[in-house]
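Enquirer:
In the numbering used here, the protein residues as written are 1154 to 1755.
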């Protein structure tokens, strides 16, 4: 009868029946468990916790009791006590996926992201078909910049309908992080059909509209939320104001945007995104000192999170750019065996360059041309390198050991990753834009030796400043851009790494200088078209129309590339010349190499 009452949702009745049974059998564990569950489901957490604790005393080796006890403690806000209970539950029931799942969620709540990822991946190994486990494991992986996130949620369409708004919202958030905005929008809109007033979904949908450059739709939805749900909690009210401030900034209402941001303040003590957008607004207003103060806070808070995500990046002596540490020498390259490989037309076109050098502009230009197809950037060569590393093959040191079959299989893996990201139009040539692919030139050359590269070049000081002002998601870029000094060091390391390997491999490279691109656009589009072997360059000049129609663009410059070329980004660093006084000697060799001046007025 008790179980039937629970199944029917008659929770007070289940509680009553349990208490009646316990009067006759006060030590019956089955009845005590049913009582605890009925109390738990009624959110009578203090009473439920007391009964669960009693059960763990009666049967200290029961993983079920310890797991339920830990979950109730977590829901009550007793997080450290919950962690201790989950640790016991995991020890007595190491193969219980449910316990591992709940422990992983607690670790996420405690911001122990690395242990959360490992715990949730353990749960996935035990229960690989559970959408619930896969979605939360993907969330943990994405927080740690672990590419396993893509694989975990790849079959998401087969899980529908999820019939769980919160889980579907979590899936939409993960897919947004993985740059699959159209899928995220589909999931969010599906929730609104079932639950039109589901506030977290509406908030996320408004943010996604802005991210997809649908500013009017975003503003309309935010106004609708405020009008129809006046009793908003403080966290929701702050999130709406932050979104409204971003919309105001994008529409040019900079003073209003700044006032809104300063009036509402950060969402919480960990909120670094607030300070990044505040710095952006201050920069646009010409308040450079205020921008720098905001950026100092932003990076300090972001670094605290990164230390949780990637502790090894902050170990003593850890390199700023780990991928740039090892180089292939001319002598090593000469020992590589000659292998068959695709010709230039059968290879991707690689757009590379240090971040914020204009790579997205070049990508959108090529994507606007019917001869080419691009995709949002993905770390494909990082993934392939990790797969090889699992077999003891180190990149780039062991590239010369790869056989014809090895390279053929790696190319198949590369194209498989591409096709997972974008429906491939095989009548076009693929454009792979990933700025830091410049660090993977040895591996790219081993697989696609005839490929053409476009190196996006921009004044190093403008690049360094722009990177410092950017709220990156990539762990590598976040740590590399924590200060102007670190960005300058990373820039020099990356560029010297590239130039060294260009000398070794002699690839087909076109240098596209940003300053030339925005001051003489037609001449530059003709040069690019000629390099790529296409007769017509007019579509390249219509990139902004194409980008606006495209919707989601998964890079930080998504707000700029929907506009025609302009000179707004030229010599921006000149307003911060005081901050660059100590940096100029660091980048001087590259200024000289590329013919740039160390004086912003030149």
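No residue lacks a Cβ here, since even glycine has one placed at the ideal position from N, Cα and C. Just so you know, these numbers come straight off a predicted model, no measurement behind them.
#1: Does the pairing of the segment 1483–1498 with the segment 1552–1560 give three or more beta-carbon distances under 8 Å?
#2: Is residue 1155 closer than 8 Å to residue 1176 when the C-beta atoms are compared?
#3: Quick check on residue 1609: does DSSP put it in helix, strand or coil?
#4: Evaluate the contact criterion for the segment 1500–1519 versus the segment 1660–1676: three or more CB pairs, one atom per stretch, below 8 Å.
#5: Taking 6 Å as the limit between beta carbons, can you name the residues of its chain near residue 1612, skipping five residues before and five after?
#6: Could you tell me whether the Cβ atoms of residue 1192 and residue 1207 are closer together than 8 Å?
#7: Starting from residue 1452, trace the beta strand (DSSP E) in both directions and tell me its first and last residue.
#8: Looking only at its own chain, which residues have a Cβ that is under 8 Å from the Cβ of residue 1392, when we skip the five neighbours before and after it?
#9: Hey, residue 1297 and residue 1264: beta-carbon distance below 8 Å or not?
#10: Going by C-alpha distance, which of 1232, 1278, 1520, 1679 is nearest residue 1249?
#11: Residue 1661 by DSSP, collapsed to three states: which one?
#12: Say whether the segment 1628–1643 touches the segment 1598–1609, bearing in mind that this needs 3 or more beta-carbon pairs closer than 8 Å, one atom from each stretch.
#13: Please indicate yes or no: does the CB of residue 1695 lie closer than 7 Å to some heavy atom of the ligand SAH?
#14: Throw me the rounded Cβ distance for the residue 1433 and residue 1402 pair, which I believe falls under 8 Å.
#15: May I ask you to verify whether the segment 1693–1701 touches the segment 1585–1605, counting CB pairs closer than 8 Å and requiring at least 3?
#16: For the segment 1489–1502 against the segment 1552–1572, are there 3 or more C-beta pairs whose distance is under 8 Å?
#17: Could you name the residues of the same chain whose beta carbon sits closer than 6 Å to that of residue 1834, not counting the 5 residues immediately before and after it, in chain order?
#18: My understanding is that residue 1655 touches residue 1740, with C-beta atoms under 8 Å, so please give their C-beta distance in whole angstroms.
#19: Let me know if residue 1722 comes out buried or exposed under the rule of 16 or more other beta-carbons within 10 Å of its beta-carbon.
#20: Within the same chain, show all residues whose beta-carbon is closer than 8 Å to that of residue 1262, passing over the 5 residues directly before and after it, in chain order.
#21: Could you check if residue 1404 is buried or exposed, using at least 16 other CB atoms within 10 Å of its CB as the buried criterion?
#22: Tell me residue 1586's beta-bridge partners as DSSP assigns them.
#23: Within 10 Å of its beta-carbon, does residue 1327 have 16 or more other beta-carbons around it, so buried, or fewer, so exposed?
#24: Using the beta-carbon count (16 or more within 10 Å), is residue 1323 buried or exposed?
#25: What whole-angstrom Cβ distance do residue 1441 and residue 1621 have, given they're in contact under 8 Å?
#26: Could you check whether the segment 1635–1651 touches the segment 1527–1540, counting it as contact only if at least three pairs of C-beta atoms, one from each stretch, sit closer than 8 Å?
#27: From the DSSP output, in three-state form, read off residue 1666 for me.
#28: Provide the residue span of the beta strand (DSSP E) that contains residue 1526, from first to last.
Expert: If we stick to the structure as given:
#1: By the Cβ rule, the segment 1483–1498 counts as touching the segment 1552–1560, because three or more pairs are nearer than 8 Å.
#2: Residue numbering aside, residue 1176 sits at position 23 when the chain shown is read from its first letter. Residue numbering aside, residue 1155 sits at position 2 when the chain shown is read from its first letter. Between residue 1176 and residue 1155, the C-beta spacing is not below 8 Å.
#3: Position 456 of the chain shown holds residue 1609. Residue state, collapsed to three classes: strand.
#4: yes
#5: Taking the first residue of the chain shown as 1, we reach residue 1612 at position 459. Excluding sequence neighbours, residue 1612 sits near 1749.
#6: The residue given as residue 1192 occupies position 39 in the chain shown. The residue given as residue 1207 occupies position 54 in the chain shown. No, Cβ-Cβ distance for residue 1192 and residue 1207 is not below 8 Å.
#7: As a first step, residue 1452 must be located in the chain shown, where it is residue number 299. No beta strand (DSSP E) contains residue 1452, which is instead part of the alpha helix (DSSP H) from 1441–1462.
#8: Here residue 1392 refers to the residue found at position 239 of the chain shown. Here the set comprises 1356, 1420.
#9: The residue given as residue 1297 occupies position 144 in the chain shown. The residue given as residue 1264 occupies position 111 in the chain shown. Not in contact: residue 1297 and residue 1264 (Cβ atoms no closer than 8 Å).
#10: Within the chain shown, residue 1249 is the residue found at index 96, counting from 1. Closest by alpha carbon: 1278.
#11: What you label residue 1661 is simply residue 508 of the chain shown in a count that begins at 1. Residue 1661: strand per DSSP, three-state reduction.
#12: The answer is no - the segment 1598–1609 does not touch the segment 1628–1643, with fewer than three Cβ pairs under 8 Å.
#13: Among the components of this structure there are no ligands whatsoever, and the ligand SAH is therefore not found.
#14: Within the chain shown, the letter at position 280 stands for residue 1433. Within the chain shown, the letter at position 249 stands for residue 1402. Yes, residue 1433 and residue 1402 are in contact; Cβ-Cβ is about 7 Å, under 8 Å.
#15: no
#16: yes
#17: In this structure the chain extends from 1154 to 1755, so residue 1834 is not present and cannot be described.
#18: Your numbering for residue 1655 matches position 502 in the chain shown. Your numbering for residue 1740 matches position 587 in the chain shown. Actually they do not touch by this definition, with Cβ atoms about 19 Å apart.
#19: Residue numbering aside, residue 1722 sits at position 569 when the chain shown is read from its first letter. Flag for residue 1722 reads buried.
#20: Counting from one through the chain shown, the residue named residue 1262 turns up at place 109. So the list reads 1227, 1232, once near-sequence residues are dropped.
#21: Here residue 1404 refers to the residue found at position 251 of the chain shown. Result: exposed.
#22: Here residue 1586 refers to the residue found at position 433 when the chain shown is read from its first residue. Beta-bridge pairing links residue 1586 to 1504.
#23: Along the chain shown, read from residue 1 onward, the residue named residue 1327 stands at position 174. When all chains shown are included, residue 1327 counts as buried.
#24: Here residue 1323 corresponds to residue number 170 of the chain shown, with the count starting at 1. Residue 1323 is buried by the Cβ-count criterion.
#25: The residue given as residue 1441 occupies position 288 in the chain shown. The residue given as residue 1621 occupies position 468 in the chain shown. Contact between residue 1441 and residue 1621 does not hold, since the beta-carbon distance rounds to 12 Å and is not under 8 Å.
#26: no
#27: Counting from 1 along the chain shown, the entry for residue 1666 is found at position 513. Note: residue 1666 maps to strand in three-state DSSP.
#28: By 1-based counting over the chain shown, the position of residue 1526 is 373. 1525–1527 is the extent of the beta strand (DSSP E) around residue 1526.
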